[in-house]
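S.K.:
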Amino acid sequence: MKPGSVVVLGVIALALLTLALMMGRGPQPVEVEDDRALLPDLRTQVNEIDALEIIGPDGEYVARLHRDAEHWRVRERDGFRADFALIQSLLRDLLEARRVDERTSNPEWYPRLGVADPGEGGEGVLIRFPGTGLPDVIIGIQDQSGTGRFARLGNEDRSWLIDRDPEVPADLRDWLERAVMDIPASELAEITLRHDDGDTVRLRSTDTEDRRWVLLNVPEDQEVRPEWYVSEPATSLTAFEFEDVRRHESLPDGATRALFRTVDGLNFLASLFEDESGQWVHFSVSAETAALEPDEADDEATELAVDAAAVDARLSGWQFAIDADRYGRMTRRLEDFLMAKEEVH
643 MKPGSVVVLG VIALALLTLA LMMGRGPQPV EVEDDRALLP DLRTQVNEID
693 ALEIIGPDGE YVARLHRDAE HWRVRERDGF RADFALIQSL LRDLLEARRV
743 DERTSNPEWY PRLGVADPGE GGEGVLIRFP GTGLPDVIIG IQDQSGTGRF
793 ARLGNEDRSW LIDRDPEVPA DLRDWLERAV MDIPASELAE ITLRHDDGDT
843 VRLRSTDTED RRWVLLNVPE DQEVRPEWYV SEPATSLTAF EFEDVRRHES
893 LPDGATRALF RTVDGLNFLA SLFEDESGQW VHFSVSAETA ALEPDEADDE
943 ATELAVDAAA VDARLSGWQF AIDADRYGRM TRRLEDFLMA KEEVH
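In my numbering, the protein residues as written are 643 to 987.
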């Protein structure tokens, strides 16, 4: 593809390469004195761990994670990808954690350190290693000195101050790989926002060096709002992260359609709608071969179609909940871009 290839493709390729390398080796064993290691048996099993269960302070599952041949996934979200960097960091911290100082063995004091059993008070999060024989570990609150965190193994009464500060979120969403794509405005050529009632917005990027955005369908008696406002929809796919995710089954009637065409000829069709659980978007991706020059058509069209299929396979099976600001940028109406001529002066 051209040097300006869509950033999302590079992100996907980099993610796959990173995962292939990291999943192949896992956290590397470090030299830790076994008599001080929090989980000494983890050293021999860390590369074989393929499941984790995270249980919150209330005793309910936060996330059940499992690893397949390609990715770590979150059961509570229909197998959507988990945040591999977070899992990798957690396993590394647990692998390297050393017992610095013994603390209370009295269950009445556990809540103060956050190491009480889930549902028994306190703020701790329990980590379980299904199928390994490893003990559960409860990660408590941070030590006031900043040395590390308090922890307790599920099969022991003693609690400990450890020299690591493992990140163990108690919010399911934090375990998801929420960064979906990153397409800067400079990679987009045209945008069309079409509402169910026929209201349509057509935006196009200029070919100038600063790539300004212009509104194409301006009524004769209206003026266009400043360029900074007109260009905002072009940032809709930049650093795109979702709030929540679910399997795509169907779209409701009346969904707004937002079509983003890249300079390389990829079409990102976003279908947007609201329901009782939030503001949602579904993506489908296709190739626009008409954008290619005749002498490039055969090879470029094939490569473009392959890229489109790869991105579509990753996105089209899901619906993503997004924040109100991004949803608003993707669903603006024509009147939002306009003002009466007398308002200009």
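Quick reminder that beta carbons are idealized off the backbone N, C-alpha and C, glycines included.
Going straight from the alpha carbon of tryptophan 802 to that of alanine 793, what length do you get?
M.R.: As a working mapping, residue 802 is identified with position 160 in the sequence shown. As a working mapping, residue 793 is identified with position 151 in the sequence shown. Their backbone Cα atoms lie some 5 Å apart in a straight line.
S.K.: Return the residue from the list Tyr871, Ala950, Gly970, Glu695 that minimises the CA-CA distance to valine 779.
M.R.: As a first step, residue 779 must be located in the sequence shown, where it is residue number 137. That would be Glu695, whose Cα lies nearest to the Cα of valine 779.
S.K.: Is it right to say leucine 858 is buried, meaning 16 or more other beta carbons lie within 10 angstroms of its own, or is it exposed?
M.R.: The residue you call residue 858 lines up with position 216 of the sequence shown. Leucine 858 should be labelled exposed.
S.K.: Cβ atoms of valine 843 and threonine 850: under 8 Å apart, would you say?
M.R.: Taking the sequence shown and counting its residues from 1, the one referred to as residue 850 is at position 208. Taking the sequence shown and counting its residues from 1, the one referred to as residue 843 is at position 201. No.
S.K.: DSSP state of serine 747, grouped into three classes?
M.R.: Here residue 747 is taken as the residue at index 105 of the sequence shown, counted from 1. Note: serine 747 maps to coil in three-state DSSP.
S.K.: Mapping the DSSP letters down to three states, classify aspartate 978 as helix, strand or coil.
M.R.: Stepping through the sequence shown from its first residue, residue 978 is reached at position 336. Of the three classes helix, strand and coil, the one that applies to aspartate 978 here is helix, per DSSP.
S.K.: Going by alpha carbons, who is nearest to aspartate 824 out of Ala693, Asp743, Ala705, Leu879?
M.R.: Here residue 824 is taken as the residue at index 182 of the sequence shown, counted from 1. When each option's Cα is compared against that of aspartate 824, the closest is Leu879.
S.K.: Going by the DSSP bridge assignment, what does aspartate 678 pair with across the sheet?
M.R.: Taking the sequence shown and counting its residues from 1, one reaches residue 678 at position 36. Note that residue 678 is arginine in the sequence shown here, rather than aspartate. DSSP output for arginine 678 lists no bridge partner at all.
S.K.: Whole angstroms is fine: what's the gap from valine 704's alpha carbon to leucine 814's?
M.R.: Residue mapping note: residue 704 aligns to position 62 of the sequence shown, counting from 1. Residue mapping note: residue 814 aligns to position 172 of the sequence shown, counting from 1. Near 5 Å, if we compare the C-alpha coordinates of leucine 814 and valine 704.
S.K.: Am I right that arginine 855 and valine 716 are in contact with their C-beta atoms under 8 Å? What's the rounded C-beta distance?
M.R.: If you number the sequence shown from 1, residue 855 lands on position 213. If you number the sequence shown from 1, residue 716 lands on position 74. Residue identity check: residue 855 is tryptophan in the sequence provided, not arginine. In fact, because the Cβ distance is near 37 Å, the residues do not count as touching under 8 Å.
S.K.: Which residue or residues does DSSP assign as beta-bridge partners of asparagine 909?
M.R.: For this step, residue 909 is matched to residue 267 along the sequence shown. Arg903, Ser928, per the DSSP bridge assignment.
S.K.: Under the DSSP definition of a beta bridge, which residues are partnered with glutamate 916?
M.R.: Translated into the one-based positions of the sequence shown, residue 916 becomes position 274. Note: glutamate 916 sits in a beta bridge opposite Gln921.
S.K.: By the DSSP assignment, the beta strand (DSSP E) with glutamate 695 in it spans what residues?
M.R.: In the sequence shown, residue 695 corresponds to position 53, counting from 1. Run containing glutamate 695: 693–697, per the beta strand (DSSP E) assignment.
S.K.: Threonine 789 by DSSP, collapsed to three states: which one?
M.R.: Sequence index remark: in the sequence shown, residue 789 carries index 147 (1-based). Of the three classes helix, strand and coil, the one that applies to threonine 789 here is coil, per DSSP.
S.K.: Which residues does DSSP list as the beta-bridge partners of glutamine 593?
M.R.: Limits of the chain in this structure are 643 at one end and 987 at the other, which puts residue 593 out of reach.
S.K.: Cα separation between alanine 951 and serine 928?
M.R.: Position 309 of the sequence shown holds residue 951. Position 286 of the sequence shown holds residue 928. So the alpha carbons of these two residues sit roughly 7 Å apart.
S.K.: With a threshold of 7 Å on Cβ separation, who are the neighbours of valine 866 within its own chain once the five nearest residues in sequence on each side are excluded?
M.R.: The sequence position of residue 866 within the sequence shown is 224, counting from 1. So the list reads Leu857, Val860, Val872, Phe979, Leu980, once near-sequence residues are dropped.
S.K.: Quick check on valine 757: does DSSP put it in helix, strand or coil?
M.R.: Residue numbering aside, residue 757 sits at position 115 when the sequence shown is read from its first letter. Reduced to three states, the DSSP call for valine 757 is coil.
S.K.: With a cut-off of 8 Å on the beta carbons, I'd call proline 808 and leucine 736 a contact; round off their distance for me.
M.R.: Against the sequence shown, residue 808 aligns to sequence position 166. Against the sequence shown, residue 736 aligns to sequence position 94. Between leucine 736 and proline 808 the Cβ distance is about 6 Å, and since that is below 8 Å, they are a contact.
S.K.: Can you tell me where the beta strand (DSSP E) holding glutamine 784 begins and where it ends?
M.R.: Numbered from 1 along the sequence shown, position 142 holds the residue referred to as residue 784. 779–784 is the extent of the beta strand (DSSP E) around glutamine 784.
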